[in-house]
Every structure is written in structure tokens, then in C-alpha cells.
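Participant: In this text, residue positions in the sequence shown follow full-length UniProt numbering: the first is 1, and each later residue adds one.
Pasting in a structure now, in C-alpha cells, and then I'll have a few things to ask.
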Amino acid sequence: MGGFYGGLRLSTAERYDCETDQWSLIAPMNKKRTFASAAVLNDKIYVAGGDDGNNCINYLNSVEVYDPDTNRWTFVAPMLFEREDFSCVAFHGCLYALGGCNETSSDLSTEKYDPAEDKWTEIPGMVIPSYCSKVEVIDDKILHAVSYHLLTELVPGGREEIL
């Protein structure tokens, strides 16, 4: 979803069919974006942040959601902070945005999106802020890998470093 080709930011999106081993275009996103992050929540795809390339780099806080039943993208509440090169993950019915960078900081907070309220809230940040990191949910914990060396667990009610 999104990305760039020949220096141009894209809004295109594709779907892979594992039965036919083929890719096909789906409806384009409403916003061109690259260096965004995506996650699946409640059988819908959320794509957040990135930059749209306007005025060289234009960091985004916008979020849009794809409904495969209608083949449509719609905007939801924007994140509190513009960011790119960050991680998104679905956990306990909410979407989490971790780390990233923007024009003024590479020390960005962690945010949580509640789709029932269409609202983002800031939550306690990571031990070591980062960008270009990876996140997964394993054993009911969010595991956040930074620079291949530090691993942090985000669990309901707190966090702890594990190495």
C-alpha cells in the first residue's frame, strides 16, 4: 500500500490471492503515502502516517482504513503526532503506533487508537524511542525490537526490557 516509484509517492494498493498466486489492484487510498505503517484490526486494514512528498517531505498523521467488503478507504481520526518509519500493531481491539520520526523529533510517543471511540490517546512511551523498528504480538504481549539488540515487552499495565 502506497510507497513510491521513480520518486513519486503512490496511493495504490494491491491484494494477494494465495489460491491463484496472483496480485490484483484494489481501490487506491485517499492519500499518497510512503514510509507509512499498516496493521489489520477487526478484519480491516489500517494505514497510518508516512509522508506524501509535498514540499519535499510532508509528514502525515492521517489514518485511513480499508474495508475489503466494500473495496473502499475511509479516513478515521488522525494520530496525535505526524510520523513516518514507525510500527503499528493491533492488540486487544486497539491499534498501537510506536516510535517513528518527524521533522522535529525521532523521540516520538506511543499512541493507542480505539476504533469504538474513533480516538487516539497517548500512552507511556517505550524504554528507548526508535524508528524503523519492528513490532509483533506474541503470547499476549507487544514485542518491540530495536536495532536488533533491545527487545521491549509492552503488556497491559506496563512494560519491561528483555534482552
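Beta carbons are placed, not taken as given, at the ideal position from N, Cα and C, and that holds for glycine.
Pick helix, strand or coil for Phe91, following the three-state DSSP scheme.
Facilitator: If DSSP states are grouped into helix, strand and coil, Phe91 belongs with the strands.
Participant: Let me make sure I understand the geometry here. Which of Glu103, Ala116, Leu98 and Asn102 has the alpha-carbon closest to that of Thr110?
Facilitator: Out of Glu103, Ala116, Leu98 and Asn102, Leu98 has the C-alpha closest to the C-alpha of Thr110.
Participant: Suppose you measure from the CA of Glu161 to the CA of Lys134; what does that come to, to the nearest Å?
Facilitator: Summary for Glu161: the model assigns pLDDT 46, below 50, so the residue's position carries little reliability, and this model does not support an answer.
Participant: Return the chain-ordered list of same chain residues with a C-beta closer than 6 Å to the C-beta of Asn30, the five sequence neighbours on each side being excluded.
Facilitator: These residues qualify, in order along the chain: Glu64 and Trp73.
Participant: What separation, rounded to the nearest whole angstrom, lies between the Cα atoms of Tyr66 and Asp43?
Facilitator: Straight-line Cα distance between these residues: approximately 9 Å.
Participant: Looking at Asp52 and the ligand PLP, is the gap between the Cβ and the nearest heavy atom below 8 Å?
Facilitator: Judged by which ligands are present, the structure shown has none, so any question about the ligand PLP falls away.
Participant: Just to confirm, are Thr34 and Asp52 a CB contact at a threshold of 9 Å?
Facilitator: Yes, they are a contact pair.
Participant: According to DSSP, simplified to helix, strand and coil, what is Ser24?
Facilitator: Note: Ser24 maps to strand in three-state DSSP.
Participant: Just how far apart, CA to CA, sit Leu60 and Phe91?
Facilitator: Roughly 23 Å separates the two Cα atoms.
Participant: Which residue comes first and which comes last in the beta strand (DSSP E) that contains Ser37?
Facilitator: Ser37 -> beta strand (DSSP E) spans Ser37 to Leu41.
Participant: Would the beta-carbon of Cys88 fall within 9 Å of that of Ala48?
Facilitator: It is a contact, given that the beta carbons lie within the stated cut-off.
Participant: Which whole-angstrom value describes the C-beta separation of Ala27 and Met1, a residue pair presumed to lie in contact below a C-beta threshold of 8 Å?
Facilitator: In fact, because the Cβ distance is near 11 Å, the residues do not count as touching under 8 Å.
Participant: Do you know whose CA, among Tyr113, Asp118 and Glu82, lies nearest Asn102's CA?
Facilitator: Ranking Tyr113, Asp118 and Glu82 by Cα distance to Asn102 puts Glu82 first.
Participant: Between Ser11 and Leu95, what straight-line distance do the alpha-carbon atoms span, to the nearest angstrom?
Facilitator: Cα to Cα, the separation comes out at about 21 Å.
Participant: Would you tell me roughly how many angstroms separate the C-alpha atoms of Lys79 and Thr104, rounded to the nearest one?
Facilitator: The amino acid occupying residue 79 in the given sequence is Met; Lys does not appear at that position. Roughly 16 Å between the two C-alpha positions.
Participant: Does the beta-carbon distance from Gly50 to Glu84 come in below 9 Å?
Facilitator: Yes, the Cβ-Cβ distance between Gly50 and Glu84 is below 9 Å.
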